[in-house]
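Visitor:
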Amino acid sequence: MGRPKADFVIETVRYNQQGQIEWVRGYERRGEVFSDVVVLPRHELFERLKKGKKVFVGRRLYKMGSAFELSKAVKLMANNGNAVIVTENTSASSDCLEGAPTI
Numbered sequence: 029m030g031r032p033k034a035d036f037v038i039e040t041v042r043y044n045q046q047g048q049i050e051w052v053r054g055y056e057r058r059g060e061v062f063s064d065v066v067v068l069p070r071h072e073l074f075e076r077l078k079k080g081k082k083v084f085v086g087r088r089l090y091k092m093g094s095a096f097e098l099s100k101a102v103k104l105m106a107n108n109g110n111a112v113i114v115t116e117n118t119s120a121s122s123d124c125l126e127g128a129p130t131i
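Be aware that the sequence shown starts at 29, since it is given in this note's numbering, and climbs by one per residue.
(1) Are the CB atoms of GLY80 and PHE96 nearer to each other than 8 Å?
(2) Only counting the same chain, and skipping five residues up and downstream in sequence, which positions put a Cβ closer than 7 Å to that of ASN107?
(3) Where does the unbroken alpha helix (DSSP H) through LEU68 begin, and where does it stop?
(4) Once you ignore the five residues that flank ARG57 on each side, which residues in its own chain have a CB closer than 6 Å to its CB?
(5) Can you say whether ALA128 is buried or exposed, counting buried as having 16 or more other CB atoms within 10 angstroms of its CB?
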C-alpha cells in the first residue's frame with residue numbers, strides 16, 4: 029500500500045475556549061507541490077472535509093520541499109447532532125486533533 033495523498037496537511041491548531049478549532053495552520057496541495065503556510069478558519073476546514081478532501085495532521089520534512097511525515101487522518105464526526113472535527117480513531121465530544129501542536 030502506497031503513501032496516502034493529502035490535500036491539506038495540518039501543522040498546528042488553535043482552539044477557542046469552548047474547545048472548538050478556531051483555525052489551523054498547514055500546507056495545501058497545489059498539483060504535485062504544496063503551498064507555503066496557509067491559515068484556515070474552522071468553517072473552511074469543515075467545508076473541505078465535507079467535500080471529501082483528504083486532510084492529515086503532519087509535519088513538513090526539513091529541506092525536503094513537498095515531503096511530509098503524515099500522522100493521522102482528519103475526519104468529520106457527528107456528536108449529539110453537532111459535527112466535530114477529529115483525527116481517526118478518536119471519539120471526542122468536541123474538536124480534537126491528536127498529534128497537532130496547539131498554539
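In this text, a Cβ means the ideal position worked out from N, Cα and C, and glycines have one as well. These numbers were taken from a predicted model, which means no experiment stands behind them.
Guide: This is what the structure holds:
(1) Against the sequence shown, residue 80 aligns to sequence position 52. Against the sequence shown, residue 96 aligns to sequence position 68. No, the Cβ-Cβ distance between GLY80 and PHE96 is not below 8 Å.
(2) Counting from 1 along the sequence shown, the entry for residue 107 is found at position 79. Counting only Cβ-Cβ distances below 7 Å, and skipping sequence neighbours, we find SER121.
(3) Counting from one through the sequence shown, the residue named residue 68 turns up at place 40. No alpha helix (DSSP H) contains LEU68, which is instead part of the beta strand (DSSP E) from 66 to 69.
(4) Start at 1 with the first residue of the sequence shown, and residue 57 comes out as number 29. Same-chain partners within the cutoff: ASP35.
(5) As a working mapping, residue 128 is identified with position 100 in the sequence shown. Buried, by the Cβ-count rule.
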